[in-house]
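Peer 1:
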Amino acid sequence: MTALSLDASPRILQLPLSVINKIAAGEVIERPASVVKELLENSLDAGATRIDVDVEAGGTELIRVVDNGKGIQAADFELAFANHATSKLATADDLFSIQSMGFRGEALSSIGGIAHVTLQSRPPEEMSGAEIHCRGGDLSPVRDWNGSPGTRIEVRHLFFNTPVRRKFMKSASTEMGHIAEVATRIALAHPGLHLTLRHNGKLVYEIPGSAGLLERIGLFFGDEVRGQLYNIDQHQGPNHLFGFIADPACDRGTSKLQYLFLNGRWIRDRSLGHAIQEGFRGLLMTGRYAVAFLFLEIPPGTVDVNVHPTKCEVRFAESQKLYHLVLSTLRNRLAAQNLTARLKAPAPAPNGYFQPRAEADHPSLFSQPGFPSFIKRPMPEPPARPAEPALPPPPQNSPLAPPIPEIEPKAIQLHNAYLVLETAEGMLVIDQHALHERILFEHVKERFRQGTLEAQKLLIPEPVELSAEQAARTLEHQGALAALGLGVEGFGGSTILITSYPALLSRTPPADILKAILDHINSYERTPAREALLEECMSLMACHAAVRSGDPLGPEEIADLVRMRHLASDAHHCPHGRPTALLFTRHELDKQFKRI
1 MTALSLDASP RILQLPLSVI NKIAAGEVIE RPASVVKELL ENSLDAGATR IDVDVEAGGT
61 ELIRVVDNGK GIQAADFELA FANHATSKLA TADDLFSIQS MGFRGEALSS IGGIAHVTLQ
121 SRPPEEMSGA EIHCRGGDLS PVRDWNGSPG TRIEVRHLFF NTPVRRKFMK SASTEMGHIA
181 EVATRIALAH PGLHLTLRHN GKLVYEIPGS AGLLERIGLF FGDEVRGQLY NIDQHQGPNH
241 LFGFIADPAC DRGTSKLQYL FLNGRWIRDR SLGHAIQEGF RGLLMTGRYA VAFLFLEIPP
301 GTVDVNVHPT KCEVRFAESQ KLYHLVLSTL RNRLAAQNLT ARLKAPAPAP NGYFQPRAEA
361 DHPSLFSQPG FPSFIKRPMP EPPARPAEPA LPPPPQNSPL APPIPEIEPK AIQLHNAYLV
421 LETAEGMLVI DQHALHERIL FEHVKERFRQ GTLEAQKLLI PEPVELSAEQ AARTLEHQGA
481 LAALGLGVEG FGGSTILITS YPALLSRTPP ADILKAILDH INSYERTPAR EALLEECMSL
541 MACHAAVRSG DPLGPEEIAD LVRMRHLASD AHHCPHGRPT ALLFTRHELD KQFKRI
């Protein structure tokens with residue numbers, strides 16, 4: 001081929017069909033798991049109630065999918081491998097009301113262009129079926145096939161004619177992991193489907209059609225997850241949200257256990273993922289993710305699934321409504337649940353010793369010094385006990401609010417950090433800092449809602465030197481900071497003047513308050529919304545003002561803290577998601593002392 005000179009204008013040429021198919025295959029078929037996904041979706045669209053998948057060498061050598069669906073007519077076999085040939089669309093308008101898993105007509109064409117494919121199928125009403133072979137896009141003649149009703153597809157030597165793609169394949173175990181994930185998503189989205197998955201002849205999964213959603217979650221993720229799930233079921237006009245969310249104690253280090261399905265299809269959506277995390281705000285620590293299995297059913301005409309060839313990304317006509325549906329449903333469900341963490345001791349070791357562990361065990365977030373509001377200190381005059389938060393007591397029948405007894409049970413303090421309290425259920429161990437932080441946080445939020453959050457004016461504004469970026473961010477949020485009592489003004493360059501600060505933090509240097517808030521703002525990848533910023537700042541204020549771990553408390557102060565626990569609606573977690581208390585049940589105590 002003659003090389004083009006630098007000043008020559010390149011000619012526009014029509015690409016050969018073989019190149020076009022390889023380009024399309026690169027969009028649709030990323031790895032063996034992509035093949036499994038496309039073939040499973042085709043089987044579901046064919047009405048299959050049982051699908052058997054066999055894989056060898058992580059799918060690089062063989063992928064076999066057998067279903068009991070309605071099959072393919074022999075007359076349609078050659079078109080099955082044609083690009084953009086499908087039975088699921090007729091007009092352009094059909095794209096805006098997709099009710100099938102597949103619709104683009106690209107899957108078999110893409111797979112056939114980069115593998116050896118054998119397609120065998122027989123409609124149940126026919127006495128015999130047909131068979132065809134496709135090798136890198138080249139089709140064999142259609143022949144008769146006397147197999148069982150349904151469709152059987154074998155894909156061998158994937159990427160045999162695109163060695164660069166094959167070179168970038170991972171190990172067989174890694175590729176098999178991706179295939180197992182595809183099978184998991186399909187099985188969760190379609191209760192009633194009998195699905196089997198084998199690798200190198202060994203059974204990986206067998207999910208019977210009789211297994212419901214909760215049982216399927218248990219089969220895939222174990223009893224530890226299944227035992228901590230709360231069901232949700234909420235309607236909003238024609239939109240329906242249902243499924244399960246896990247207790248915050250079941251959190252994970254990634255969002256991989258957040259499964260979101262739309263009309264039976266697994267999807268990724270950044271907005272709805274954010275709604276899930278916001279629903280758990282205050283119940284999870286930084287860097288931890290909720291576990292959720294959520295299913296959305298909405299009218300097909302209100303969503304565009306033709307955004308990406310893999311059909312995993314969608315575009316909603318009313319994205320804000322769906323965001324608030326997810327957010328409000330999760331918040332309301334969690335608010336109705338007693339989320340106090342429970343301690344469980346492992347079975348005694350052979351030497352008779354054991355180490356208790358907490359189901360919600362996380363490292364502490366609080367390394368910064370705080371300023372307690374009622375702790376006794378060596379000062380000229382001990383500070384007065386603060387007024388009770390202006391919060392109405394929760395309903396007596398609420399699972400979050402046990403009725404306040406006429407005589408409060410006594411609590412003792414251990415290591416100047418924990419309070420131990422006898423309850424009807426057993427023994428409650430309270431983290432004094434975390435609980436006081438939650439109480440103050442709700443107190444600050446209520447005062448903010450009422451517009452009575454106190455600010456202390458500075459007689460002489462205090463200058464604070466910041467970086468240019470920090471100064472700009474501070475002034476960008478000037479209004480939100482002022483609402484919390486932190487007044488800031490520009491002084492030129494990168495200098496900021498502090499004119500007032502929250503009265504709750506009267507013992508904290510104003511410059512430290514501002515810098516701590518800026519650290520929170522800078523921890524976001526993007527500038528937080530006003531509501532999120534206010535919540536973060538209020539939790540920071542509560543953290544700085546709360547009694548610290550290591551502070552000794554007197555009997556009256558301990559009683560005050562225990563009593564005010566009943567006035568906090570989310571007393572089970574601090575605003576940063578750390579548990580405030582751990583329950584060691586009477587049953588667990590009896591078990592460890594060999595009484596049962």
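Each residue of the sequence shown is one higher than the one before, counting from 1 in the numbering used here.
Where is the CB? At the ideal position from N, CA and C, for every residue including glycine.
Assuming valine 291 and aspartate 233 form a contact by the criterion Cβ under 8 Å, report the distance between their Cβ atoms to the nearest whole angstrom.
Peer 2: At roughly 18 Å, the Cβ-Cβ gap does not stay under 8 Å, so valine 291 and aspartate 233 are not in contact.
Peer 1: Between which residues of its own chain and proline 552 is the CB-CB distance below 6 Å, once the five residues before and five after are set aside?
Peer 2: Asn416.
Peer 1: Please report the distance separating the alpha-carbon of isoleucine 600 from that of proline 579.
Peer 2: The structure shown does not extend to residue 600, since the chain spans only 1 to 596, so no value can be given for it.
Peer 1: Looking only at its own chain, which residues have a Cβ that is under 6 Å from the Cβ of serine 121, when we skip the five neighbours before and after it?
Peer 2: Excluding positions up to five away in sequence, the list reads Gly71, Ile72, Gly129 and Thr151.
Peer 1: I need the straight-line Cα distance from leucine 62 to alanine 180, nearest angstrom please.
Peer 2: Straight-line Cα distance between these residues: approximately 15 Å.
Peer 1: Should glycine 253 be flagged as near chain C, meaning a C-beta pair shorter than 8 Å?
Peer 2: Among the protein chains of the structure shown there is no chain C, as only one such chain exists.
Peer 1: Does DSSP put glutamine 470 in a helix, in a strand, or in coil?
Peer 2: Three-state result, glutamine 470: helix.
Peer 1: Does the segment 566–578 come close enough to the segment 278–294 that 3 or more CB-CB pairs lie under 8 Å?
Peer 2: Taking 8 Å as the limit for Cβ pairs, the verdict is that the segment 566–578 does touch the segment 278–294.
Peer 1: Under DSSP, the beta strand (DSSP E) around leucine 197 begins and ends at which residues?
Peer 2: Here the beta strand (DSSP E) through leucine 197 covers 194–199.
Peer 1: Using 8 Å as the cut-off, can you tell me whether the segment 31–42 makes contact with the segment 51–69, which would need three or more C-beta pairs spanning the two stretches below that distance?
Peer 2: Judged by Cβ distances under 8 Å, the segment 31–42 makes contact with the segment 51–69, as three or more pairs qualify.
Peer 1: Roughly how many angstroms lie between the CA atoms of cysteine 537 and aspartate 519, to the nearest whole one?
Peer 2: The straight-line gap from Cα to Cα measures roughly 11 Å.
Peer 1: When burial is assigned at 16 or more other CB atoms within 10 Å of the CB, is serine 148 buried or exposed?
Peer 2: Serine 148 comes out exposed.
Peer 1: What residue from Arg156, Asn68 and Tyr323 has the CA that sits closest to glutamate 125's CA?
Peer 2: It is Asn68 whose Cα lies nearest to the Cα of glutamate 125.
Peer 1: Which residue or residues does DSSP assign as beta-bridge partners of leucine 661?
Peer 2: Examination of residue 661 is not possible in this model, given that the chain is present from 1 through 596 alone.
Peer 1: For arginine 565, is the classification buried or exposed, using 16 other Cβ atoms within 10 angstroms of its Cβ as the cut-off for buried?
Peer 2: Burial call: buried.
Peer 1: Count the C-beta pairs between the segment 260–279 and the segment 321–334 that are closer than 8 Å, then say yes if the count reaches three, no if not.
Peer 2: Contact holds: three or more Cβ-Cβ distances are below 8 Å.
Peer 1: Under a Cβ-count criterion, where at least 16 other Cβ atoms within 10 Å of its own Cβ denotes burial, should histidine 274 be classed as buried or exposed?
Peer 2: By the neighbour-count rule (16 or more Cβ atoms within 10 Å), histidine 274 is not buried but exposed.
Peer 1: Can you tell me the Cα-Cα spacing of glutamate 206 and glutamine 258, whole angstroms?
Peer 2: Glutamate 206 and glutamine 258: Cα-Cα distance of roughly 22 Å.
Peer 1: In the DSSP assignment, find the beta strand (DSSP E) that holds tyrosine 418 and state where it starts and stops.
Peer 2: Looking at the DSSP string, the run of the beta strand (DSSP E) that includes tyrosine 418 is 418–422.
Peer 1: Per the contact definition of three or more C-beta pairs closer than 8 Å, is the segment 158–172 in contact with the segment 184–194?
Peer 2: Judged by Cβ distances under 8 Å, the segment 184–194 makes no contact with the segment 158–172, as fewer than three pairs qualify.
Peer 1: Quick check on the DSSP output: the alpha helix (DSSP H) that includes glutamine 432 runs from which residue to which?
Peer 2: Its alpha helix (DSSP H) spans residues 432–450.
Peer 1: Determine, using beta carbons only, whether proline 502 and leucine 486 come nearer to each other than 8 Å.
Peer 2: Cβ distance < 8 Å, so proline 502 and leucine 486 count as in contact.
Peer 1: Which residue from Leu497, Val225 and Val444 puts its Cα closest to that of alanine 545?
Peer 2: Out of Leu497, Val225 and Val444, Val444 has the C-alpha closest to the C-alpha of alanine 545.
Peer 1: Is leucine 260 near aspartate 247, with beta carbons less than 8 Å apart?
Peer 2: Not in contact: leucine 260 and aspartate 247 (Cβ atoms no closer than 8 Å).
Peer 1: Would you give the residue range spanned by the beta strand (DSSP E) that serine 121 belongs to?
Peer 2: Taken as a continuous stretch (DSSP letters only), the beta strand (DSSP E) holding serine 121 covers 116–122.
Peer 1: Using only CA atoms, which one of Ile29, Ala183 and Glu175 lies nearest to leucine 108?
Peer 2: Taking only the C-alpha atoms, the option nearest leucine 108 is Ile29.
Peer 1: Just confirm the distance between the C-beta atoms of valine 314 and leucine 262, as a whole number of angstroms; I'd bet it's less than 8 Å.
Peer 2: Contact flag correct, Cβ pair sits at about 6 Å.
Peer 1: Spatial neighbours of aspartate 597 within its chain, please: C-beta separation below 6 Å, excluding the five flanking residues on both sides.
Peer 2: What is shown of the chain runs 1 to 596, which leaves residue 597 out entirely.
Peer 1: What is the rounded straight-line gap between the Cα of serine 569 and the Cα of threonine 340?
Peer 2: Between serine 569 and threonine 340, the C-alpha separation is close to 12 Å.
Peer 1: What are the boundary residues of the alpha helix (DSSP H) that includes valine 164?
Peer 2: 163–167 is the span of the alpha helix (DSSP H), which, as asked, contains valine 164.
Peer 1: Between the Cα of aspartate 76 and those of Ile12, Val142 and Arg50, spot the shortest distance and give me the residue it belongs to.
Peer 2: Out of Ile12, Val142 and Arg50, Val142 has the C-alpha closest to the C-alpha of aspartate 76.
Peer 1: Assuming alanine 581 contacts leucine 440 (C-beta within less than 8 Å), just tell me the rounded distance between them.
Peer 2: About 16 Å; that fails the 8 Å criterion.
Peer 1: Look up phenylalanine 425 in the DSSP assignment and say whether it is helix, strand or coil.
Peer 2: First, the residue type needs correcting, since residue 425 is glutamate and not phenylalanine in the sequence shown. Glutamate 425: coil per DSSP, three-state reduction.
Peer 1: Okay, do the segment 418–435 and the segment 470–485 touch, 3+ Cβ pairs below 8 Å being the bar?
Peer 2: They do not touch, by the three-pair rule.
Peer 1: Would you grab the beta carbon distance between glutamate 215 and proline 32 for me? Rounded to a whole angstrom, and I think it's under 8 Å.
Peer 2: That pair is no contact at about 28 Å.
Peer 1: Considering only their Cβ atoms, is the gap separating alanine 480 from arginine 530 smaller than 8 Å?
Peer 2: Against a cut-off of 8 Å, the Cβ pair of alanine 480 and arginine 530 comes out as a contact.
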